[in-house]
Amino acid sequence: MWRDRDFRRLWVGQTVSQLGEHTTLVVLPLCAVLTLDAGAGELGVLRAVGQAPILLLSLLAGAWVDRWRTRTVMVLADVGRALALGTVAVAGLLGALGLPALLVAGFAVGALSVFFDVAYQSSLVRLVERDQLVRGNSALEGSRSAAQIAGPALGGALVSLLSAPIAAVSGALLFALSCLSIRRIRRGESLPEATQRRSRRHPKPTRGLPSRLPDFTRRRSQRHSESTRDLSQRLSDFTRRERSQRLQEPTQECSQPHPEPRQEHSQRPPEPTQEPPRRPPRVWRRICEGLGFVVGDPSLRAVCLASAAFQFSLAATMTVYLLFLPRELHLSGTEVGLALAATGPGALLGSLLAARLPGRFGHGVVLVSAAALGDGAFLFVPVLHGSSAGTVLALVAVSLVFGTFGQLVNVTVMGVRQALTPDGMQGRAAATITFVGMGLTPLGSLLGGFLADEWGLRPSLAVTAAGMLLSPLLMSLSPLARLGRTLPDRRLLVD
72 MWRDRDFRRL WVGQTVSQLG EHTTLVVLPL CAVLTLDAGA GELGVLRAVG
122 QAPILLLSLL AGAWVDRWRT RTVMVLADVG RALALGTVAV AGLLGALGLP
172 ALLVAGFAVG ALSVFFDVAY QSSLVRLVER DQLVRGNSAL EGSRSAAQIA
222 GPALGGALVS LLSAPIAAVS GALLFALSCL SIRRIRRGES LPEATQRRSR
272 RHPKPTRGLP SRLPDFTRRR SQRHSESTRD LSQRLSDFTR RERSQRLQEP
322 TQECSQPHPE PRQEHSQRPP EPTQEPPRRP PRVWRRICEG LGFVVGDPSL
372 RAVCLASAAF QFSLAATMTV YLLFLPRELH LSGTEVGLAL AATGPGALLG
422 SLLAARLPGR FGHGVVLVSA AALGDGAFLF VPVLHGSSAG TVLALVAVSL
472 VFGTFGQLVN VTVMGVRQAL TPDGMQGRAA ATITFVGMGL TPLGSLLGGF
522 LADEWGLRPS LAVTAAGMLL SPLLMSLSPL ARLGRTLPDR RLLVD
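Here's what the structure looks like:
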């Protein structure tokens, strides 16, 4: 797998893109808090706007990615995100940076990230062999974990050392590097729908002619064939009319009392034209197919519900958490970045464990236990006080535990989804789960900001962290908990 140049280019591009994305996730909120002195409500709105594209565009992204070339989608997404962050830097240099500019940039980065994430997951299925799918997922998720190590730390350090708008330039440069790497992928993608559209627009040449004749010769041959078919059709119609008239003449002389059937046969009244029933647009039909497939599968339906509960609670928790660290614990930007970056090494460890633990203990046991341990880690944060080294180490430990078991759940769930989904449904299934699982994150961010304003940071953090335990509870009551060491393979089914 690693000998494949195209896979290496995808891996490098995805890694750099994830690094830029995780840098941006820290730079924009810290820019609002430290530079613009944004409050809890404003920070909640900023995070909600950045997460709103998940709710608005996930289903459309899945339907479109299944029809488009994934490389093109990823390249355009990288270019758009680089331009969005570049505008933040320009606005900062001109002294025009404000919350509206951050909202626009956050929405643009979030929208294009939705397309990029769906595209790179679908690209792996089209790029590697079946027996390399698990290894490919582990490599991509491991690179995402590595990006989580450097991204928050880099973003926090740049915000502390430089101005926050200038720190956004680092994210733009990373997206540009990702674009250059992914653009070099050379392997073609076989898209059945695109092939069918091309065959309808450009019909095959006439039988008996060489397939490589010049275009003008082929077009002339096609016109000649069409004119020949038209002439033969006219002769056939004329012969049919003459025969019916000859059959009618003797019957009319004998004055047969049954002219109506002959009249119907010779002069059939025109039938009223009925318009064909209108069908919904093709994109929406495909979206409904993806929704129906995921909802109809008990395991995938449970993944959606558990993911929705987790993402809603996590969005509320992180909104309060990003305010709790600098204002309640009085941590600097570098210390905040260090605490957030500790999630990365844990996620890297979780990716390594995901290659062994499900096959040894069973996918269901790993999902439920890892979700309970990882999601419960934030319950220890509200008891911390002060900005001592012990507090920073405790936050690092919390992020390490959360990253390890959270990544273990992510990789295992992705493997379950890919194993239970046919090839032609991969993009739509991924987008549907993203839509249902993360569609509530804007509301979670708004709720976190509201609770922080009304109750204070410490009580709000305790409540939102406790809500994260709803996800493992839902998984324990679903068919996911009964998944064994091996998964059924439905990828070769035709949708």
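If you count by this note's numbering, then the sequence shown holds residues 72 to 566, one letter each, in order. We treat Cβ as the ideally placed atom computed from N, Cα and C, and that holds for glycine.
query: How close, in whole Å, do the beta carbons of GLY112 and ASP524 come, if the pair is a contact with beta carbons under 8 Å?
result: 6 Å
query: Taking ASP108 as the reference, which of GLN497, LEU394, VAL472 has the closest Cα?
result: Ranking GLN497, LEU394, VAL472 by Cα distance to ASP108 puts LEU394 first.
CA-to-CA distance, HIS401 to SER194, given in whole angstroms: 43 Å
- prompt: Are GLY430 and GLN478 close, meaning C-beta to C-beta below 8 Å?
  reply: no
- prompt: Is it a yes or a no for the stretch 494–507 touching the stretch 93–105, going by three-plus beta-carbon pairs under 8 Å?
  reply: no
- prompt: Between which two residues does the alpha helix (DSSP H) carrying HIS434 extend?
  reply: 434–446
field: Contact set for LEU621: own chain, Cβ-Cβ below 7 Å, skip 5 residues either direction
entry: As displayed, the chain neither begins before 72 nor continues past 566, which places residue 621 out of reach and without an answer.
query: If you draw a straight line from the C-alpha of LEU130 to the C-alpha of PHE383, how long is it?
result: 18 Å
query: Near THR483, which residues of its chain fall below 7 Å by C-beta distance, leaving aside the five closest residues on each side in sequence?
result: ALA425, PRO429, HIS434, VAL437, LEU438
message: So the candidates are VAL120, GLY520, GLY115, LEU419; which of them puts its Cα closest to the Cα of THR475?
response: LEU419
field: Given LEU232 as reference, the closest of GLU406, ALA468, PHE449, LEU511 once Cα atoms are compared
entry: GLU406
query: Between LEU551 and the rest of its own chain, which residues show a CB-CB distance below 8 Å, the 5 nearest in sequence each way excluded?
result: SER370, ALA373, VAL374, ALA377, HIS434, GLY435, LEU438, VAL439, VAL487
Start and end residues, alpha helix (DSSP H) containing VAL374: Its alpha helix (DSSP H) spans residues 369–394.
- prompt: Looking only at its own chain, which residues have a Cβ that is under 6 Å from the Cβ of SER249, when we skip the five neighbours before and after it?
  reply: GLY84, VAL87, SER88, ASP149
- prompt: Are the stretch 161–170 and the stretch 531–551 in contact at 8 Å, needing three or more beta carbon pairs?
  reply: no
query: Can we say the stretch 117–128 touches the stretch 513–531, given the rule of at least three CB pairs closer than 8 Å?
result: yes
task: Look up THR557 in the DSSP assignment and say whether it is helix, strand or coil.
output: Per DSSP, reduced to three states, the secondary structure at THR557 is coil, with no helix or strand assignment.
query: Under three-state DSSP, which class holds HIS93?
result: helix
query: What's the C-alpha gap between THR177 and PHE78?
result: Correcting the residue identity first, residue 177 is Gly in this sequence and not Thr. If I take the Cα positions, the gap works out to 30 Å.
Reduced DSSP secondary structure (H/G/I, E/B, other) of LEU195: helix
- prompt: Going by beta carbon distance, what residues of the same chain come within less than 6 Å of LEU554, once the five residues before and after it are set aside?
  reply: Cβ-Cβ distances below 6 Å link LEU554 to HIS434, GLY435 in the same chain, with the five nearest sequence neighbours on each side left out; the list follows chain order.
message: Please report the distance separating the alpha-carbon of PHE473 from that of LEU444.
response: 8 Å
query: Hey, out of GLY527, SER209, SER241, VAL185, whose CA is closest to GLY133's CA?
result: VAL185
query: Given LEU396, which residues of its chain have a CB within under 7 Å of its CB, disregarding the five upstream and five downstream residues?
result: So the list reads LEU402, VAL407, ALA410, once near-sequence residues are dropped.
field: Sequence-distant residues of the same chain with beta carbon closer than 8 Å to PRO100, five excluded per side
entry: These residues qualify, in order along the chain: LEU114, LEU117, ARG118, LEU393.
- request: Quick one: using the 10 Å Cβ neighbour count with 16 as the cut-off for buried, is LEU548 buried or exposed?
  value: exposed
As assigned by DSSP and simplified to three states, the class of LEU564: Here the model assigns LEU564 a pLDDT of 47, short of 50, so the residue's position is not dependable and the matter cannot be decided.
task: Would you decide whether LEU183 is buried or exposed? Buried here means 16 or more other CB atoms lie within 10 Å of its CB.
output: buried
message: Please report the distance separating the alpha-carbon of ARG398 from that of TRP526.
response: Answer to the nearest angstrom: the Cα atoms are 15 Å apart.
- prompt: Which value, in whole angstroms, describes the spacing of the CA atoms of PHE187 and PHE432?
  reply: The straight-line gap from Cα to Cα measures roughly 33 Å.
task: Look at PHE449 and VAL480 and say whether their C-beta atoms are less than 8 Å apart.
output: no
- prompt: Where does THR97 land, buried or exposed, given buried means 16+ other C-beta within 10 angstroms?
  reply: The identity of residue 97 in the sequence shown is Val, whereas the question assumes Thr. Its Cβ being crowded by 16 or more others within 10 Å, VAL97 is buried.
- prompt: Under 8 Å between the Cβ atoms of PHE364 and MET496?
  reply: A contact, by the Cβ cut-off of 8 Å.
- request: Please classify GLY527: does DSSP put it in a helix, a strand, or coil?
  value: coil
- request: Return the residue from the list PHE246, GLY461, LEU128 that minimises the CA-CA distance to ALA502.
  value: LEU128
task: Have a look at MET145 and HIS456 and give me their C-alpha separation to the nearest angstrom.
output: 43 Å
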